[in-house]
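Colleague: The numbers in the working numbering rise by one with no breaks, and the one at position 117 of the sequence shown is 117. A virtual CB, placed ideally from N, CA and C, is assigned to each residue, including glycine. Model, not experiment: these values are computed from the prediction. Quick one: the structure is below, questions incoming.
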Amino acid sequence: MSEVKSVLIVGVGGQGTLLASRLLGNAMVAAGHDVKVSEVHGMSQRGGSVETYVRYGEKVYSPVIEKGGADYILAFEQLEAARYLPYLKKGGAIIVNTQRIDPMPVVAGNAVYPEGLIEKLQEKEAKIVAVDALSLAEQAGSSKAVNVVLIGVMAKHMELSKEEWLKTIEATVPQKFIEMNKKAFELGYER
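In C-alpha coordinates, the structure reads:
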(Lines of atoms letter the chains of each structure in order from A and count residues from 1; the text may use other names and numbers.)
(Lines give C-alpha, C1' and ligand atoms only; values in the text may rest on other atoms or scores of the structure.)
Protein backbone atom coordinates (compact mmCIF):
# COMPACT_ATOMS: atom_id res chain seq x y z
CA MET A 1 0.00 0.00 0.00
CA SER A 2 0.99 3.58 -0.40
CA GLU A 3 0.68 7.03 1.07
CA VAL A 4 -2.62 8.82 0.64
CA LYS A 5 -3.05 10.52 -2.74
CA SER A 6 -5.59 13.24 -3.43
CA VAL A 7 -7.32 14.05 -6.72
CA LEU A 8 -9.58 17.07 -7.12
CA ILE A 9 -11.96 16.77 -10.09
CA VAL A 10 -13.50 20.08 -11.14
CA GLY A 11 -15.82 21.10 -13.92
CA VAL A 12 -19.19 22.43 -14.87
CA GLY A 13 -22.47 20.65 -14.29
CA GLY A 14 -23.21 18.08 -16.98
CA GLN A 15 -19.60 17.39 -17.96
CA GLY A 16 -19.41 13.98 -16.32
CA THR A 17 -17.27 14.76 -13.27
CA LEU A 18 -19.26 12.26 -11.21
CA LEU A 19 -18.57 9.38 -13.60
CA ALA A 20 -14.89 10.38 -13.61
CA SER A 21 -14.80 10.21 -9.81
CA ARG A 22 -16.60 6.85 -9.87
CA LEU A 23 -14.08 5.45 -12.38
CA LEU A 24 -11.14 6.70 -10.31
CA GLY A 25 -12.63 5.43 -7.06
CA ASN A 26 -13.52 2.02 -8.50
CA ALA A 27 -10.05 1.61 -10.05
CA MET A 28 -8.38 2.37 -6.74
CA VAL A 29 -10.69 0.05 -4.76
CA ALA A 30 -9.93 -2.73 -7.26
CA ALA A 31 -6.22 -2.08 -6.65
CA GLY A 32 -6.73 -2.62 -2.91
CA HIS A 33 -6.74 0.99 -1.71
CA ASP A 34 -8.97 2.54 0.91
CA VAL A 35 -10.94 5.20 -0.99
CA LYS A 36 -13.03 8.17 0.12
CA VAL A 37 -15.06 10.26 -2.34
CA SER A 38 -16.98 13.48 -1.68
CA GLU A 39 -19.03 15.39 -4.22
CA VAL A 40 -19.73 19.10 -3.88
CA HIS A 41 -22.32 20.52 -6.24
CA GLY A 42 -22.77 24.18 -6.96
CA MET A 43 -25.51 25.12 -9.36
CA SER A 44 -24.59 22.05 -11.37
CA GLN A 45 -27.95 21.74 -13.09
CA ARG A 46 -27.49 25.26 -14.46
CA GLY A 47 -23.93 24.85 -15.66
CA GLY A 48 -22.41 25.84 -12.33
CA SER A 49 -19.19 24.65 -10.79
CA VAL A 50 -18.91 21.05 -9.57
CA GLU A 51 -16.05 19.63 -7.55
CA THR A 52 -15.34 16.10 -6.41
CA TYR A 53 -12.67 14.98 -3.98
CA VAL A 54 -11.16 11.51 -4.38
CA ARG A 55 -8.57 10.33 -1.87
CA TYR A 56 -6.99 6.89 -1.83
CA GLY A 57 -4.19 5.04 -0.06
CA GLU A 58 -3.58 2.57 2.74
CA LYS A 59 -5.97 4.31 5.15
CA VAL A 60 -7.98 7.41 4.29
CA TYR A 61 -9.79 9.20 7.11
CA SER A 62 -11.48 12.02 5.20
CA PRO A 63 -12.39 12.74 1.59
CA VAL A 64 -11.80 16.48 1.97
CA ILE A 65 -8.81 18.04 0.20
CA GLU A 66 -7.43 21.20 1.75
CA LYS A 67 -5.72 23.99 -0.18
CA GLY A 68 -2.24 22.83 -1.18
CA GLY A 69 -3.23 19.17 -0.78
CA ALA A 70 -4.15 17.85 -4.25
CA ASP A 71 -1.64 15.63 -6.02
CA TYR A 72 -3.72 16.02 -9.18
CA ILE A 73 -6.38 18.41 -10.36
CA LEU A 74 -8.46 17.06 -13.20
CA ALA A 75 -10.08 20.16 -14.70
CA PHE A 76 -12.83 19.78 -17.28
CA GLU A 77 -12.69 23.48 -18.19
CA GLN A 78 -10.00 26.22 -18.18
CA LEU A 79 -11.63 28.63 -15.72
CA GLU A 80 -12.23 25.80 -13.26
CA ALA A 81 -8.52 24.89 -13.47
CA ALA A 82 -7.56 28.48 -12.61
CA ARG A 83 -10.16 28.68 -9.83
CA TYR A 84 -8.87 25.55 -8.08
CA LEU A 85 -5.12 26.09 -8.62
CA PRO A 86 -4.60 26.97 -4.91
CA TYR A 87 -5.57 23.39 -4.05
CA LEU A 88 -2.62 21.92 -5.96
CA LYS A 89 0.23 20.47 -3.93
CA LYS A 90 3.75 21.70 -4.71
CA GLY A 91 5.00 19.30 -7.38
CA GLY A 92 1.44 18.28 -8.29
CA ALA A 93 -0.05 18.16 -11.76
CA ILE A 94 -3.08 19.72 -13.44
CA ILE A 95 -4.68 17.94 -16.36
CA VAL A 96 -6.84 20.57 -18.02
CA ASN A 97 -9.29 20.37 -20.88
CA THR A 98 -8.71 23.35 -23.18
CA GLN A 99 -12.48 23.69 -23.67
CA ARG A 100 -14.00 27.00 -22.63
CA ILE A 101 -17.50 27.09 -21.16
CA ASP A 102 -18.76 30.57 -20.39
CA PRO A 103 -20.22 30.90 -16.88
CA MET A 104 -23.55 32.66 -16.40
CA PRO A 105 -22.08 36.14 -15.66
CA VAL A 106 -20.23 35.98 -19.00
CA VAL A 107 -23.30 34.69 -20.86
CA ALA A 108 -25.38 37.52 -19.32
CA GLY A 109 -22.80 40.10 -20.38
CA ASN A 110 -21.90 41.06 -16.80
CA ALA A 111 -18.35 39.69 -16.95
CA VAL A 112 -15.64 38.83 -19.45
CA TYR A 113 -14.05 35.38 -19.74
CA PRO A 114 -10.34 35.75 -18.87
CA GLU A 115 -8.00 35.32 -21.82
CA GLY A 116 -4.81 33.24 -21.82
CA LEU A 117 -5.73 31.01 -18.88
CA ILE A 118 -3.69 28.01 -20.07
CA GLU A 119 -0.62 30.24 -20.53
CA LYS A 120 -1.13 31.74 -17.05
CA LEU A 121 -1.40 28.25 -15.56
CA GLN A 122 1.82 27.22 -17.32
CA GLU A 123 3.63 30.12 -15.63
CA LYS A 124 2.93 28.58 -12.21
CA GLU A 125 5.24 26.09 -10.53
CA ALA A 126 3.12 23.10 -11.49
CA LYS A 127 3.06 20.45 -14.15
CA ILE A 128 0.29 21.43 -16.58
CA VAL A 129 -1.02 19.00 -19.16
CA ALA A 130 -3.42 20.84 -21.48
CA VAL A 131 -5.45 18.67 -23.82
CA ASP A 132 -8.29 19.27 -26.25
CA ALA A 133 -10.38 16.54 -24.64
CA LEU A 134 -13.52 17.60 -26.49
CA SER A 135 -11.97 16.83 -29.91
CA LEU A 136 -10.65 13.49 -28.65
CA ALA A 137 -14.05 12.62 -27.16
CA GLU A 138 -15.76 13.40 -30.46
CA GLN A 139 -13.17 11.23 -32.21
CA ALA A 140 -14.12 8.41 -29.80
CA GLY A 141 -17.78 8.79 -30.71
CA SER A 142 -19.37 11.28 -28.30
CA SER A 143 -18.67 14.74 -26.90
CA LYS A 144 -19.88 13.33 -23.58
CA ALA A 145 -16.72 11.21 -23.30
CA VAL A 146 -14.55 14.22 -22.30
CA ASN A 147 -14.49 12.83 -18.75
CA VAL A 148 -13.04 9.48 -19.81
CA VAL A 149 -10.48 11.15 -22.11
CA LEU A 150 -9.26 13.20 -19.13
CA ILE A 151 -9.15 10.09 -16.91
CA GLY A 152 -7.01 8.48 -19.63
CA VAL A 153 -4.59 11.41 -19.64
CA MET A 154 -4.27 11.30 -15.84
CA ALA A 155 -4.06 7.49 -15.71
CA LYS A 156 -0.79 7.54 -17.62
CA HIS A 157 0.78 9.40 -14.68
CA MET A 158 -0.58 7.03 -12.02
CA GLU A 159 0.51 3.65 -10.70
CA LEU A 160 -2.18 1.42 -12.23
CA SER A 161 -1.69 -0.34 -15.54
CA LYS A 162 -3.72 0.54 -18.61
CA GLU A 163 -5.34 -2.90 -18.44
CA GLU A 164 -6.55 -2.27 -14.87
CA TRP A 165 -8.17 1.00 -15.99
CA LEU A 166 -9.85 -0.68 -18.97
CA LYS A 167 -11.27 -3.38 -16.67
CA THR A 168 -12.68 -0.63 -14.45
CA ILE A 169 -14.35 1.02 -17.44
CA GLU A 170 -15.92 -2.33 -18.37
CA ALA A 171 -17.20 -2.77 -14.82
CA THR A 172 -18.44 0.81 -14.36
CA VAL A 173 -20.09 2.16 -17.52
CA PRO A 174 -23.28 0.80 -19.10
CA GLN A 175 -22.69 -2.06 -21.57
CA LYS A 176 -23.72 -0.06 -24.65
CA PHE A 177 -21.10 2.63 -23.92
CA ILE A 178 -18.12 0.42 -23.01
CA GLU A 179 -16.37 0.40 -26.39
CA MET A 180 -16.76 4.15 -26.90
CA ASN A 181 -15.43 4.85 -23.40
CA LYS A 182 -12.51 2.47 -23.85
CA LYS A 183 -11.63 4.31 -27.09
CA ALA A 184 -11.92 7.68 -25.29
CA PHE A 185 -9.65 6.39 -22.51
CA GLU A 186 -7.08 5.12 -25.02
CA LEU A 187 -7.05 8.46 -26.87
CA GLY A 188 -6.40 10.25 -23.58
CA TYR A 189 -3.82 7.72 -22.46
CA GLU A 190 -1.90 8.09 -25.73
CA ARG A 191 -1.81 11.86 -25.32
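From 184, 137, 7, 119, pick the residue whose C-alpha is nearest to that of residue 69; which is it?
Modeller: With distances taken between Cα atoms, residue 69 lies closest to 7.
Colleague: Please report how far the alpha carbon of residue 54 lies from the alpha carbon of residue 101, in whole angstroms.
Modeller: For residue 54 and residue 101, the distance between alpha carbons rounds to 24 Å.
Colleague: Could you work out which residue in 13, 9, 140 is closest to residue 104 when comparing CA atoms only?
Modeller: For residue 104, the nearest C-alpha among the options comes from 13.
Colleague: With DSSP collapsed to three states, give me the class of residue 55.
Modeller: Residue 55 falls in the strand class under three-state DSSP.
Colleague: What is the DSSP secondary structure of residue 135, counted as helix, strand or coil?
Modeller: In the structure shown, residue 135 sits in a helix (DSSP, three-state: H, G or I).
Colleague: For a minimum of 4 consecutive residues, which ranges assigned as the alpha helix (DSSP H) are wholly contained in the segment 90–120?
Modeller: Runs of the alpha helix (DSSP H) inside the segment 90–120: 104–107.
Colleague: Measuring CB atoms only, is the segment 124–140 touching the segment 161–176, in the sense that at least three cross pairs come out at less than 8 Å?
Modeller: The segment 124–140 is not in contact with the segment 161–176.
Colleague: DSSP three-state call for residue 29: helix, strand or coil?
Modeller: Helix.
Colleague: By the DSSP assignment, the alpha helix (DSSP H) with residue 87 in it spans what residues?
Modeller: Unbroken run through residue 87: none, as it is neither H nor E.
Colleague: What does residue 61 pair with, by DSSP beta-bridge criteria?
Modeller: None; residue 61 has no bridge partner.
Colleague: Quick one: Cα of residue 180 to Cα of residue 161, how far?
Modeller: So the alpha carbons of these two residues sit roughly 19 Å apart.
Colleague: So for residue 126, helix, strand or coil by DSSP?
Modeller: In the structure shown, residue 126 sits in coil (DSSP, three-state: anything other than H, G, I, E or B).
Colleague: Report the residue from 34, 123, 82, 59 whose alpha carbon sits nearest the alpha carbon of residue 10.
Modeller: The option with the nearest alpha carbon to residue 10 is 82.
Colleague: Please report the straight-line C-alpha distance between residue 108 and residue 97, rounded to a whole angstrom.
Modeller: Using only the alpha carbons, I get a separation of about 24 Å.
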